[in-house]
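Novice: The following block contains the structure, expressed as structure tokens.
Number of protein chains: 2
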Amino acid sequence: MSQSSAYSDFLKLWGIVTDLEHGSAVLQWDQETRMPAKGAAARGRILATVAGIRHDKMVSAELCDAWNKAIDSVEADSLEAAQLAKAKMLIDREVKIPAELAVALAEAESAGLHAWQHARAESDFAKFQKELEQLVKLNREKASALAGAGRPYDALLDLYEEGSTEADLVPMFAELGDVLAPMIKAVGASKPVDESPAQGHFDPAAQKAYCKMIAAQMGYDFEAGRLDKTTHPFCTTFGQGDVRITWRWQENDIRPAMYGVMHEAGHGLYEQGLPSEWARTPLWAASGLGMHESQSRMWENMVGRSEAFWHWAMPHFHIAFPDKADVTPEQMFPALNTCKPSLIRVEADEATYNLHVAVRFEVERQLFAGGVNVAELPELWDQTYENLLGVRAESISDGVLQDIHWAMGAFGYFPTYTIGNLVCAQLFEQARKDLGDLDSQLAVGEFDPLLQWLRSNVHQHGRRYSTKEMVQMATGKPLSAQPLLSHLTALAERVYGVSIPV
Amino acid sequence: MSQSSAYSDFLKLWGIVTDLEHGSAVLQWDQETRMPAKGAAARGRILATVAGIRHDKMVSAELCDAWNKAIDSVEADSLEAAQLAKAKMLIDREVKIPAELAVALAEAESAGLHAWQHARAESDFAKFQKELEQLVKLNREKASALAGAGRPYDALLDLYEEGSTEADLVPMFAELGDVLAPMIKAVGASKPVDESPAQGHFDPAAQKAYCKMIAAQMGYDFEAGRLDKTTHPFCTTFGQGDVRITWRWQENDIRPAMYGVMHEAGHGLYEQGLPSEWARTPLWAASGLGMHESQSRMWENMVGRSEAFWHWAMPHFHIAFPDKADVTPEQMFPALNTCKPSLIRVEADEATYNLHVAVRFEVERQLFAGGVNVAELPELWDQTYENLLGVRAESISDGVLQDIHWAMGAFGYFPTYTIGNLVCAQLFEQARKDLGDLDSQLAVGEFDPLLQWLRSNVHQHGRRYSTKEMVQMATGKPLSAQPLLSHLTALAERVYGVSIPV
């Protein structure tokens with residue numbers, strides 16, 4: 165058998181697995197955006213069936229044989245070898261999870277999502293507790309199956325960011341906390357900024373048009389995507405040419421919609437920028453979620469909250485919201501870069517955001533260490549918020565029910581948000597060096613140079629390299645918290661006049 | 165192995181096949197209602213992958229073994245035996261179609277749908293010709309594979325209406341033509357009716373609210389369904405609790421939207437009324453498409469175009485469209501029951517509708533007899549329209565490109581529309597006898613007695629019986645064209661004053 169034939173036989177089988185994953189993504193998107201309430205049970209079964217088939221295909225002797233033949237036919241250190249290595253890693257991971265567990269997880273995720281939506285809408289944890297208990301139970305089984313002799317929670321962390329461990333994350337959050345805790349305290353003692361430029365009345369239809377215009381200017385291709393309303397914004401990929409984002413809005417504040425859309429469009433740009441010639445192969449996917457988050461955060465925070473960006477955006481803002489026709493970029497800037505403890509992660513400022521993540525990391529660690537049961541989570545959540553941010557939710561919808569992740573069965577996911585913030589700051593620092601006067605480009609809406617920098621340093625690699633490897637390649641340095649801390653302390657100094665040594 | 169265990173093992177495997185079918189239906193619905201243009205190729209591959217897996221499951225030794233064990237464990241003439249008999253019929257059919265052909269068909273259908281949408285929008289047959297040629301070629305292969313020693317076109321007809329043959333349909337269309345052709349001619353010589361009560365300006369949002377209100381009053385459950393816009397209206401089922409309908413509208417005429425929605429909601433009521441305890445079993449589906457069409461046509465024509473119905477609907481119509489506040493049911497009735505040759509099947513009146521179907525039957529017969537190639541279809545279509553209806557399309561979008569069916573790979577489907585009209589008239593005649601004063605019920609919006617009559621005579625049986633069997637059971641007589649012809653000639657007499665012997 166010729167080299168190309170064995171390799172392409174393997175890719176053909178792999179394409180089937182990819183198709184099932186993308187098909188499931190469509191079913192899930194529909195579940196969240198369009199499905200009528202009574203369709204939930206049937207949808208759960210369909211998703212479970214597809215998950216079971218995907219699992220069977222991944223662990224099949226046919227795929228294993230094809231891999232064995234293909235690996236003998238490719239050059240070491242070639243792209244083909246990298247494709248096969250990634251496939252092997254994913255197959256090995258899958259083999260560790262029994263088929264019944266995979267099906268049970270898919271069912272529990274559909275049930276969980278549905279229950280969470282109700283529980284959140286009605287601020288009633290009891291409506292979600294049973295489903296969450298099942299999700300935790302099954303994810304403990306999954307973690308143990310994946311970890312073998314290792315630590316279960318690390319096995320879950322590794323799913324979302326390769327090589328990420330609890331032992332590494334504890335000092336990372338400590339390093340951030342050492343700077344951010346006193347900084348947030350100092351900011352809290354300063355004069356609050358005027359947030360009125362971002363507040364008022366914003367017509368939802370005008371918000372949608374304005375946000376879509378910004379996403380399109382960023383380079384998000386609406387002919388290969390779309391924007392829909394959901395409870396919790398997300399980005400999802402159904403294959404080459406179909407990468408969708410979702411949003412939500414508040415009528416009295418432009419920030420949730422605008423920065424939600426810029427965030428998700430940032431994710432979308434990454435997915436739309438994956439090399440099309442790799443479609444349906446093992447490497448046709450984004451790298452770890454930390455890298456993914458770096459892309460969304462860069463467009464949301466580094467670009468969208470900069471004063472330079474607002475020199476371009478402001479005329480559009482004035483047209484979309486005539487009530488706001490007298491706001492200047494200089495007035496808008498502080499309102500977008502406030503720093504204060506809050507309850508909702510997705511609407512938190514850049515600095516405290518990392519403490520929101522630290523809360524979840526702390527709660528998950530305890531949950532997977534086994535010392536906590538699900539019934540205790542609401543209080544543990546609120547208490548940890550009080551410890552780290554000094555605030556306590558009045559409604560459980562703003563407490564332990566605020567995030568979709570656990571309802572989707574995603575445990576070990578949250579830390580990738582802060583890893584993403586680190587990566588974002590370090591990559592943006594480098595992009596700024598490489599691109600010359602980036603602020604002048606942003607100020608006239610020229611976002612393409614930055615996008616092309618990301619395409620060539622990140623997107624074009626698919627998941628060939630880990631997040632840490634790509635950071636090293638792009639910046640010449642290992643991943644570090646320093647660029648993020650420099651950025652955040654500089655903001656605090658400019659907006660609040662507080663000076664914190666990094 | 166106990167009886168129930170072997171039987172339930174079989175149903176478990178069958179449920180997987182059902183889930184894949186419903187999953188594909190979601191992917192197709194999204195493809196038509198939501199998918200961005202560039203997602204078409206990837207979506208086609210996903211659908212082909214799922215179709216291939218479904219096919220493999222249907223013809224698998226595992227399913228065959230399970231069936232053999234199950235059949236030995238059930239009582240003859242039981243419900244379980246009926247379930248297994250239906251499964252066997254479907255499996256045998258599937259076995260005849262090679263896997264490569266099933267995958268190629270799924271790919272050709274996705275490509276065809278996409279090409280047809282473009283070709284129709286641009287009135288350019290060339291943009292669809294290549295895809296249609298592929299669809300015809302593959303469907304000829306499919307027909308031959310299914311027919312064995314029989315006639316290929318009959319094998320396709322049988323897919324959509326069990327036991328339907330070209331030899332039976334030719335005299336059926338002749339019987340209809342013998343009455344309808346002189347009737348339509350006589351009507352054409354009479355004074356045209358005033359259609360202005362149904363024409364004017366109708367705000368799309370008001371149309372939507374008004375049509376949804378009617379569908380809800382009919383009993384269509386929006387918590388187990390939804391209404392979306394598509395090029396061509398349809399109804400699709402994703403399992404228990406999720407049966408969706410689609411619509412389109414014209415701003416200058418209420419009829420396309422209103423009767424499109426009543427039609428699709430009629431289909432939806434059938435699907436929503438299938439016995440929930442049979443979900444994911446072989447019998448949990450509607451019977452042949454003729455029976456399906458009888459349900460949609462009954463709500464659209466027998467109910468929605470009756471004067472009695474408008475005594476209930478008119479106040480709602482006045483509120484939705486204040487410009488029309490002086491229209492009476494008596495004025496509206498003739499505008500809804502016109503009879504004149506037209507170009508668009510889905511907007512045709514009840515009488516000429518059957519001639520539209522006859523055109524398609526005639527074109528398909530020739531196409532599958534092999535004497536015609538795809539490039540000749542536009543002219544054959546136009547010529548047949550001229551022969552049967554005396555009209556010729558000015559734009560190819562109103563000619564051979566008007567229907568979605570061939571683009572979806574559905575050949576042999578059209579005759580079920582006229583079979584449905586026959587069934588509809590015969591069932592409605594019986595319902596009228598059984599329900600007492602049906603007109604008084606319709607006149608106050610009491611649609612539930614009719615719905616319950618349909619539930620118990622049709623919906624509750626799933627696909628346990630054929631259309632012809634259910635007609636016999638419900639009416640005590642074999643299916644006949646006479647009730648339809650009586651209905652149509654009575655309408656022509658009332659609206660146009662022409663008298664035609666049946």
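For the record, the sequence lines run as chains A and B.
Each residue of the first sequence is one higher than the one before, counting from 165 in the numbering used here.
Each residue of the second sequence is one higher than the one before, counting from 165 in the numbering used here.
No residue lacks a Cβ here, since even glycine has one placed at the ideal position from N, Cα and C.
Based on Cα-Cα distance, which residue from A/516, A/588, A/607 lies nearest to residue 474 of chain A?
Specialist: Position 310 of the first sequence, counted from the first residue, corresponds to residue 474 of chain A. The candidate whose alpha carbon is nearest that of residue 474 of chain A is A/607.
Novice: Skipping 5 residues on each side, what residues in its chain have a beta carbon closer than 7 Å to that of residue 612 of chain A?
Specialist: As a working note, residue 612 of chain A is residue 448 in the first sequence. Within the same chain, residue 612 of chain A has close Cβ partners 383.
Novice: Determine the closest residue to residue 238 of chain B out of B/172, B/190, B/196, B/201, with distance taken between C-alpha atoms.
Specialist: Counted from its first residue, the second sequence places residue 238 of chain B at position 74. Nearest of B/172, B/190, B/196, B/201 to residue 238 of chain B, Cα basis: B/172.
Novice: Which full runs of the beta strand (DSSP E) of 3+ residues lie inside the stretch 486-531 of chain A, going along the chain?
Specialist: You should have found no qualifying run.
Novice: Round the Cβ separation of residue 601 of chain B and residue 617 of chain B to the nearest angstrom and send it over; I've been treating them as touching at under 8 Å.
Specialist: The sequence position of residue 601 of chain B within the second sequence is 437, counting from 1. The sequence position of residue 617 of chain B within the second sequence is 453, counting from 1. About 14 Å; that fails the 8 Å criterion.
Novice: Along the stretch 177-192 of chain B, what residues have a CB closer than 8 Å to any CB found in chain A?
Specialist: Answer in chain order: 179, 180, 183, 184, 186, 187, 190, 191.
Novice: Between residue 230 of chain A and chain B, is any beta-carbon pair separated by less than 9 Å?
Specialist: As a first step, residue 230 of chain A is located in the first sequence; it is residue number 66 there, counting from the start. Not closer than 9 Å to any Cβ of chain B, the Cβ of residue 230 of chain A fails to qualify, so no.
Novice: What residues from chain A crowd round residue 213 of chain B, counting only those whose CB sits closer than 8 Å?
Specialist: Residue mapping note: residue 213 of chain B aligns to position 49 of the second sequence, counting from 1. Within chain A, the residues near residue 213 of chain B are 179, 180, 183, 184, 187.
Novice: Does any CB atom of chain B fall closer than 9 Å to the CB of residue 385 of chain A?
Specialist: For this step, residue 385 of chain A is matched to residue 221 along the first sequence. Yes, residue 385 of chain A counts as interfacial toward chain B.
Novice: Please compile the residues from chain A whose C-beta is within a distance smaller than 9 Å of the C-beta of residue 404 of chain B.
Specialist: Numbered from 1 along the second sequence, position 240 holds the residue referred to as residue 404 of chain B. Here the neighbours are 202, 203, 205, 206.
Novice: In the DSSP output, what is residue 417 of chain A paired with across the bridge?
Specialist: Taking the first residue of the first sequence as 1, we reach residue 417 of chain A at position 253. Partner(s): A/363, A/414.
Novice: Which one of B/444, B/430, B/249 has the shortest CA to CA distance from residue 187 of chain B?
Specialist: Taking the second sequence and counting its residues from 1, one reaches residue 187 of chain B at position 23. When each option's Cα is compared against that of residue 187 of chain B, the closest is B/444.
Novice: Under a Cβ-count criterion, where at least 16 other Cβ atoms within 10 Å of its own Cβ denotes burial, should residue 451 of chain A be classed as buried or exposed?
Specialist: Here residue 451 of chain A refers to the residue found at position 287 of the first sequence. Answer is buried; the Cβ neighbour count reaches 16.
Novice: Does residue 154 of chain A come within less than 9 Å of chain B when only Cβ atoms are used?
Specialist: This structure does not reach residue 154 of chain A, given that chain A is present from 165 up to 666, and the question cannot be answered.
Novice: Using a Cβ-Cβ cutoff of less than 6 Å, which residues in the same chain neighbour residue 212 of chain B once the five nearest sequence positions on both sides are dropped?
Specialist: Position 48 of the second sequence, counting from 1, holds the residue named residue 212 of chain B. Here the set comprises 267, 270, 271.
Novice: Do residue 435 of chain B and residue 580 of chain B count as a contact pair if the criterion is CB distance below 9 Å?
Specialist: As a working note, residue 580 of chain B is residue 416 in the second sequence. As a working note, residue 435 of chain B is residue 271 in the second sequence. No, they are not a contact pair.
Novice: Nearest to residue 302 of chain A by alpha carbon, out of A/326, A/325, A/322, A/276?
Specialist: For this step, residue 302 of chain A is matched to residue 138 along the first sequence. Of A/326, A/325, A/322, A/276, the residue nearest in Cα terms is A/276.
Novice: At least one CB of chain B closer than 9 Å to the CB of residue 556 of chain A: is that the case?
Specialist: In the first sequence, the residue the question calls residue 556 of chain A occupies position 392. No - not a single Cβ of chain B is within 9 Å of the one on residue 556 of chain A.
Novice: For the stretch 621-635 of chain B, enumerate the residues whose C-beta is nearer than 9 Å to any C-beta of chain A, in chain order.
Specialist: Cβ contacts with chain A: none found.
Novice: Please list, in chain order, the residues of the stretch 495-517 of chain A that have any C-beta partner in chain B closer than 7 Å.
Specialist: Those residues of the stretch 495-517 of chain A that come within reach of chain B (Cβ to Cβ, closer than 7 Å) do not exist; the list is empty.
Novice: Can you name the residues that DSSP bridges to residue 399 of chain B?
Specialist: One-based indexing of the second sequence puts residue 399 of chain B at position 235. In DSSP, residue 399 of chain B forms a bridge with B/409.
Novice: Since residue 389 of chain B meets chain A, which of its residues come closer than 9 Å, beta carbon to beta carbon?
Specialist: Stepping through the second sequence from its first residue, residue 389 of chain B is reached at position 225. In chain order: 200, 202, 203.
Novice: Which runs of the alpha helix (DSSP H), 4 residues or longer, sit entirely within the stretch 182-270 of chain A?
Specialist: Counting only runs of 4 or more, we get 204-222, 225-235, 243-259.
Novice: What residue does the beta strand (DSSP E) around residue 727 of chain B start on, and which one ends it?
Specialist: The requested residue 727 of chain B is not part of the displayed model; chain B covers only 165 to 666.
Novice: Is the beta carbon of residue 217 of chain B closer than 9 Å to that of residue 180 of chain A?
Specialist: To locate residue 180 of chain A, count along the first sequence from 1; it is residue 16. To locate residue 217 of chain B, count along the second sequence from 1; it is residue 53. A contact, by the Cβ cut-off of 9 Å.
Novice: How big is the Cα-Cα spacing for residue 165 of chain A and residue 176 of chain A?
Specialist: Translated into the one-based positions of the first sequence, residue 165 of chain A becomes position 1. Translated into the one-based positions of the first sequence, residue 176 of chain A becomes position 12. At residue 165 of chain A the pLDDT is 42, less than 50, meaning the model places this residue with poor confidence and gives no usable figure here.
Novice: Under DSSP, the alpha helix (DSSP H) around residue 291 of chain B begins and ends at which residues?
Specialist: What you label residue 291 of chain B is simply residue 127 of the second sequence in a count that begins at 1. That run of the alpha helix (DSSP H) goes 290-311.
Novice: Give the interface partners of residue 210 of chain B over in chain A, defined as CB-CB distance under 7 Å, in chain order.
Specialist: Here residue 210 of chain B corresponds to residue number 46 of the second sequence, with the count starting at 1. The answer, in chain order, is 183, 186, 187, 403.
Novice: Per the contact definition of three or more C-beta pairs closer than 8 Å, is the stretch 495-505 of chain B in contact with the stretch 625-639 of chain B?
Specialist: The stretch 625-639 of chain B vs the stretch 495-505 of chain B: no contact.
Novice: In the DSSP assignment, find the alpha helix (DSSP H) that holds residue 641 of chain B and state where it starts and stops.
Specialist: Residue 641 of chain B sits at position 477 when you count from the first residue of the second sequence. It is not in any alpha helix (DSSP H) - residue 641 of chain B carries neither H nor E in the DSSP assignment.
Novice: Please go through the same chain and pick out, in chain order, the residues whose beta-carbon is closer than 6 Å to the beta-carbon of residue 577 of chain A, but skip the five residues on each side of it.
Specialist: Within the first sequence, residue 577 of chain A is the residue found at index 413, counting from 1. Counting only Cβ-Cβ distances below 6 Å, and skipping sequence neighbours, we find 324, 569.
Novice: Determine the extent of the alpha helix (DSSP H) in which residue 349 of chain B is found, giving its start and end residues.
Specialist: Sequence index remark: in the second sequence, residue 349 of chain B carries index 185 (1-based). Per DSSP, residue 349 of chain B belongs to the alpha helix (DSSP H) from 330-352.
Novice: So with CB distances below 7 Å, who are the chain A contacts of residue 217 of chain B?
Specialist: For the purposes of this step, residue 217 of chain B is taken as the residue at position 53 of the second sequence. Ordered by position in chain A, the residues that pass the 7 Å Cβ test against residue 217 of chain B are 217.
Novice: Pairs of beta-carbons, one from the stretch 335-352 of chain B and one from the stretch 394-401 of chain B, closer than 8 Å: are there three or more?
Specialist: Contact fails: fewer than three Cβ-Cβ distances are below 8 Å.
Novice: To the nearest angstrom, report how far apart residue 595 of chain A and residue 605 of chain A are at their CA atoms.
Specialist: Taking the first residue of the first sequence as position 1, residue 595 of chain A is located at position 431. Taking the first residue of the first sequence as position 1, residue 605 of chain A is located at position 441. For residue 595 of chain A and residue 605 of chain A, the distance between alpha carbons rounds to 12 Å.
Novice: Could you work out which residue in B/222, B/332, B/207 is closest to residue 260 of chain B when comparing CA atoms only?
Specialist: As a position in the second sequence, residue 260 of chain B is number 96, starting the count at 1. For residue 260 of chain B, the nearest C-alpha among the options comes from B/222.
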